[in-house]
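Please read the structure below before turning to the comments.
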Amino acid sequence: MGSKFHYSLGIYKIEKAVAAMQRLFCVCLNIVDAQLAGVLDAAQKWLIAVGV
8 MGSKFHYSLG IYKIEKAVAA MQRLFCVCLN IVDAQLAGVL DAAQKWLIAV GV
């Protein structure tokens, strides 16, 4: 009985760690996405200014 509880506790900890990593990954993706949008916006403005 005790070992089964310990096993499920281990799975619970792994699930929490995976969920935390997924949240971190989403935050990183959002930051990269925002930076990419900023770079594309700047490039577009530069192209318009240059007259391409």
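Taking the working numbering, the leading residue of the sequence shown gets 8, the next gets one more, and so forth.
Built from N, CA and C at the ideal position, the CB exists for glycine as well.
If you're wondering where the values come from, they're calculated on a predicted model, not measured in any experiment.
Between the CA atoms of residue j and residue i - distance to the nearest angstrom
i, j, result
"A49", "A26", "35 Å"
"L43", "N37", "10 Å"
"L47", "C33", "21 Å"
"V39", "I55", "24 Å"
"E22", "R30", "12 Å"
"K20", "C35", "23 Å"
Residue i in three-state terms, based on DSSP
i, result
"G58", "coil"
Residue-chain proximity (residue i, chain C), Cβ-Cβ < 8 Å
i, result
"A49", "Looking for chain C here will not work: only one protein chain is present."
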